[in-house]
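Take a look at the structure below.
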Amino acid sequence: MFSLANKAAIVTGGASGIGLAIARRFLAAGASVLIADRRAEGETIARVVQAEFFQVDVAHEEQVAAMCDAARKHFGRLDILVNNAGIQPLGIGFGELTDDILRRTLDVNVHGVAFGIKHAGRVVSDGGRVINTASFVGTLATPGGAAYSTSKAAVIHLTKLGAIELAPRRITVNAVSPGTILTPAVTGIANNPEIPFIQRRTPLGRPGQPEEVAALCHFLASDEAAYITGQNIGIDGGLTAGWTEYDLIAPSNVRNGRWIDDQ
Ligand SMILES: NC(=O)c1ccc[n+]([C@@H]2O[C@H](COP(=O)([O-])OP(=O)(O)OC[C@H]3O[C@@H](n4cnc5c(N)ncnc54)[C@H](O)[C@@H]3O)[C@@H](O)[C@H]2O)c1
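If you use the numbering used here, the sequence shown corresponds to residues 1 to 263, in order.
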């Protein structure tokens, strides 16, 4: 069940955090994995987990195309592309937004996914999988998300468009939308106020772990998920289910456990 044996996968942003957890999980399920990352130290990380490595800046289409070609050449096939690489310029409202921040965020987070889907359509085998890492802030407007949240909203819509276009070849395209996950992007910020906020605000009372997102991606990558496409699946401890607090009192119609209609 959920075996990825004989499948070949690319995980972008695979040298850290959620991407590294996905790469490890796919390897454990029997897949061959190419970790693709902008940072050269990804090569050492890939060697340790016994994956291949390709240095890529997903903001550039020609590099995304070369990454896909390299994986297919090396493995002889490509079944799964996880478009996970992303930058996270949170805490930047419209007042602080600059041309540079907005352009780089859209280049990495949106162009990277759009051209990932395009080249998956060229090189991924029929019946393959594309999984895009979006975020809960792609559907829930949050302060300080002028660039980042916008980019993740685009990822969710690109996912639907990709799903429709690649459906004739049984390639599924889905997005995962994590809540706050304890990766270097989050834990690397000293005294990050996001962590206690999320503990208070999330129904399950804690941030998530990268391995929990990887487990969801594993399922979506498996043969068992063949009928799921075009979806954005939240993995956020209930964060987007609703509010954890709401100051209310029952109306006077409620007496002794019964509803008394107005007279
Ligand atoms: N951590 C969270 O709370 C959280 C929540 C929701 C969504 N996400 C998303 O999950 C994904 C992974 O985030 P993470 O928290 O693991 O971050 P991370 O910073 O730990 O890892 C991101 C990896 O992507 C790589 N990368 C960055 N820009 C790149 C580029 N242009 N080309 C290729 N590689 C690039 C980095 O080098 C790094 O290895 C991102 O898309 C992020 O937006 C994270």
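Ideal Cβ placement from N, Cα and C applies to all residues, glycine included.
Just so it is clear, the structure is predicted and the values come from calculations on it, not from any experiment.
When only Cα atoms are considered, residue 226 and residue 250 end up about 46 Å apart. The continuous beta strand (DSSP E) containing residue 129 extends over residues 129 to 133.
CA-to-CA, the gap between residue 126 and residue 214 works out to about 23 Å. Using a C-beta cut-off of 8 Å, the segment 191 to 199 makes no contact with the segment 2 to 14, since fewer than three inter-stretch Cβ pairs fall below that distance. By the neighbour-count definition (other C-beta atoms within 10 Å, threshold 16), residue 20 is a buried residue.
Between residue 180 and residue 210, the C-beta spacing is not below 8 Å. In the structure shown, residue 88 falls within a coil segment according to DSSP collapsed to helix, strand and coil.
Under the DSSP assignment, residue 98 falls outside any alpha helix (DSSP H); it carries neither an H nor an E label. Annotation for residue 233: 174, 175, 176, 177, 216 and 220 place their beta carbon closer than 8 Å to its own, counting only its chain and skipping 5 residues before and after. Residue nearest to residue 240 within the set 257, 230 and 203 is 203 (criterion: CA-CA distance). Around the beta carbon of residue 148, 16 or more other beta carbons lie within 10 angstroms, which makes this residue buried. Burial is judged here by how many other beta carbons sit within 10 angstroms of a residue's own beta carbon; residue 16 has at least 16 and is buried.
Three or more pairs of CB atoms, one per stretch, sit closer than 8 Å, so the segment 84 to 104 contacts the segment 136 to 147.
The beta carbon of residue 138 sits closer than 7 Å to the beta carbons of 149, 152, 153, 155, 156 and 177 from its chain, once the five residues preceding and following it are set aside; these are given in chain order. With a beta-carbon spacing of about 16 Å, residue 26 and residue 42 fall beyond the 8 Å limit used to define contacts.
With fewer than 16 other Cβ atoms inside 10 Å of its own Cβ, residue 28 counts as exposed. With fewer than 16 other Cβ atoms inside 10 Å of its own Cβ, residue 91 counts as exposed. With a 10 Å radius around the Cβ and a threshold of 16 neighbouring Cβ atoms, residue 141 comes out exposed. Distance from the CA atom of residue 33 to the CA atom of residue 73, rounded to whole angstroms, is 13 Å.
Assigned with DSSP and collapsed to three states, residue 221 falls in helix. Ligand 1 approaches residue 12 closely enough that one of its heavy atoms is under 7 Å from the residue's Cβ.
By alpha-carbon distance to residue 66, the top candidate from 48, 10 and 168 is 10. Taking a C-beta distance under 8 Å as the contact criterion, residue 85 and residue 37 qualify as a contact pair. For residue 55, the enclosing beta strand (DSSP E) stretches over residues 52 to 55. Under the three-state reduction of DSSP, residue 178 is assigned to strand.
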